[in-house]
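These notes are about the structure you will find just below.
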Amino acid sequence: MPSSPKFFYPSRQSSQYTRKTSFVIFCILIGISGFLFGLFAILRTDDNSKCSYEVRSVSVAWEEHQNSGNQNVGVQNNRYKVMGFVGIQTGFGSAGRRSSLRRTWFPSNREGLLRLEESTGLAFRFVIGRTTDKSKMAALRKEVAEYDDFMLLDIQEQYSRLPYKTLAFFKAAYALFDSDFYVKADDDIYLRPDRLSLLLAKERSHPQTYIGCMKKGPVFTDPKLKWYEPLSDLLGKEYFLHAYGPIYALSTDVVASLVALRNNSFRMFSNEDVTIGAWMLAMNVNHENNHLLCEPDCTPSSIAVWDIPKCSGLCDPEKKLLELHQRKNCIEDNPTTASNQNSELLEAGK
1230 MPSSPKFFYP SRQSSQYTRK TSFVIFCILI GISGFLFGLF AILRTDDNSK CSYEVRSVSV
1290 AWEEHQNSGN QNVGVQNNRY KVMGFVGIQT GFGSAGRRSS LRRTWFPSNR EGLLRLEEST
1350 GLAFRFVIGR TTDKSKMAAL RKEVAEYDDF MLLDIQEQYS RLPYKTLAFF KAAYALFDSD
1410 FYVKADDDIY LRPDRLSLLL AKERSHPQTY IGCMKKGPVF TDPKLKWYEP LSDLLGKEYF
1470 LHAYGPIYAL STDVVASLVA LRNNSFRMFS NEDVTIGAWM LAMNVNHENN HLLCEPDCTP
1530 SSIAVWDIPK CSGLCDPEKK LLELHQRKNC IEDNPTTASN QNSELLEAGK
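Residues in the sequence shown are numbered consecutively from 1230, following the working numbering.
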C-alpha cells in the first residue's frame, strides 16, 4: 500500500504547500484582526450605552443670589431623556426612611433603578443638600458610595429653607434630565411608580401643567403654629388653590420658565407647597387636581398613599412603609416589587 501523500512532497508540491500555508496564515491574521476590532467595537458600545442611561449621584452647585438666571444652572446639551424625573426630597435625619423605602417601592440598587426606569419611563433619585456637620456628611458620602442614587445640591439642608431647596431641585433636574415632567415627592409616602407613569403619560392639550392633590385652607397667622406664615398679610385669610406638598408634578415648560428666572426674583413664603403654588398663580398653568395622589390607604387606583389629613406624609414612615408593602392591595401587579425581589436574589447569589 503506497504511503499517504501527506508524508511525501515533491519539490514543486512543497513550493505550492508553502504558498498555501502562507495564504492560510495571512487569512488567520486577518480573521484575528477582525475579531479584535469587533470586540473593541462591542466594548465601546457597551460603555457608551452605560453612559447614556446612568446619571449617577451628582453634586449640583446653586446660588441663592445670582445676576443671570442661567449662570449656574449649566443645562447640558446631552441631557438624559426620560418621560419623568422624580426627586425624592430627603434630609440628614431620614436615613431610616431611605432604608425603608429601599426595602419597599424604591429599588435598592442601580440595576433595580434601571429596570424600574425601563418599565415606567421614570428616573428616581434622592435629593439632599449639605450640612456643616462633618460626621453627617461622612455618613452621607458612605451611603452615596453604596447606593449611588442621590442628587446632591450645594445648598444648606434645613427645614426652614425648603422653598430654596425645591427651586434648586427643579433647576438641577432640568439641567440634567430632558423630561416631560419633573416630580417633587417626599420620602414619607408610599408610591406606585407604575401608576404615576400612566398619569404622566396622558395626553394633555395644555403644555404648562401643574399636577397635584389640590387644596385651599386658612392662612396661619399664629407664630406658635407649625404652618405659621410670616407673610400672611400678602395672602389674606385663605390660601389660593395649590397642591399638597408630599407630591406634585410640573411639566417641562413650567420648569423651563423657572430655570429662566433669576433666583432672587422669586418670593419665598414659609411653606414650600404654598411657595410653589404662588409661582404657579403667576404663570399660565393648568391646575390638574388628582386625589389619587393623596389617598389615605392603598386602593386599586391609588398612586400615592399617606396619612392625610393627620400628617403631611405617613405619620410613622419607617414602620408604615414596611407595613403597607405587606398588603396585597398595595403591591398587587406592582413592577417595583418584582424589581426589588430580583435585586435581592442577585445580591444573595454573589
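Backbone N, C-alpha and C fix where the C-beta goes; we use that ideal spot for every residue, glycine too. None of the values given here were measured: they were computed from a predicted structure.
Query                                                                                                        : Result
Range covered by the beta strand (DSSP E) that runs through residue 1413                                     : 1406-1415
Cα-Cα separation between residue 1559 and residue 1384, rounded to whole angstroms                           : 35 Å
Neighbour-count burial assignment, residue 1509, 16 or more Cβ in a 10 Å radius                              : buried
For residue 1331, the three-state DSSP class (helix, strand or coil)                                         : helix
Rounded separation between residue 1497 and residue 1484 - CA only                                           : 17 Å
Residue 1319 burial status per 10 Å Cβ neighbour count (16 or more: buried)                                  : buried
Contact between the region 1458-1467 and the region 1431-1442 (3+ Cβ pairs under 8 Å)                        : no
CA-to-CA distance, residue 1523 to residue 1537, given in whole angstroms                                    : 7 Å
Contact under 8 Å by Cβ, residue 1345 with residue 1353                                                      : yes
Member of 1351, 1490 and 1470 whose CA lies at the smallest distance from the CA of residue 1309             : 1351
Alpha-carbon spacing of residue 1332 relative to residue 1551, whole angstroms                               : 7 Å
Beta-carbon gap between residue 1502 and residue 1474 smaller than 8 Å                                       : yes
Test item: CB-CB of residue 1495 and residue 1396 under 8 Å                                                  : yes
First and last residue of the uninterrupted alpha helix (DSSP H) at residue 1484                             : 1481-1489
Cross-strand partners of residue 1399 (DSSP beta bridge)                                                     : Residue 1399 is not bridged to any residue.
Under the three-state DSSP convention, the category residue 1453 falls into                                  : coil
The region 1405-1421 touching the region 1311-1330, judged by at least three CB pairs closer than 8 Å        : yes
Cβ neighbours of residue 1563 in the same chain (closer than 8 Å, five flanking residues each side left out) : 1334, 1421 and 1423
Endpoints, the alpha helix (DSSP H) within which residue 1309 is located                                     : Careful: residue 1309 lies outside any alpha helix (DSSP H), inside the beta strand (DSSP E) at 1309-1318.
Three-state secondary structure assigned by DSSP to residue 1442                                             : strand
Rounded C-alpha distance that separates residue 1338 from residue 1557                                       : 24 Å
Through-space distance from residue 1360 to residue 1612, alpha-carbon basis                                 : Outside the displayed range of the chain (1230 to 1579) lies residue 1612, so it cannot be described from this structure.
Straight-line Cα distance separating residue 1378 from residue 1555                                          : 24 Å
Residues near residue 1458 by beta carbon distance below 8 Å, same chain, minus five either side             : 1448, 1449, 1450, 1464, 1498, 1499, 1500 and 1503
Cβ neighbour criterion (16 or more within 10 Å) applied to residue 1368                                      : exposed
Test item: CB-CB of residue 1386 and residue 1357 under 8 Å                                                  : yes
Contact under 8 Å by Cβ, residue 1341 with residue 1547                                                      : no
Through-space distance from residue 1355 to residue 1521, alpha-carbon basis                                 : 22 Å
Three-state secondary structure (DSSP) of residue 1190                                                       : This structure cannot settle anything about residue 1190, because the visible part of the chain is limited to 1230 through 1579.
As assigned by DSSP and simplified to three states, the class of residue 1447                                : strand
Cβ neighbour criterion (16 or more within 10 Å) applied to residue 1370                                      : exposed
Coil, strand or helix - residue 1524 by DSSP                                                                 : strand
Residue(s) in a DSSP beta bridge with residue 1516                                                           : 1439
Cβ pair residue 1321, residue 1365 closer than 8 Å                                                           : yes
Continuous beta strand (DSSP E) stretch holding residue 1351: start and end                                  : 1351-1359
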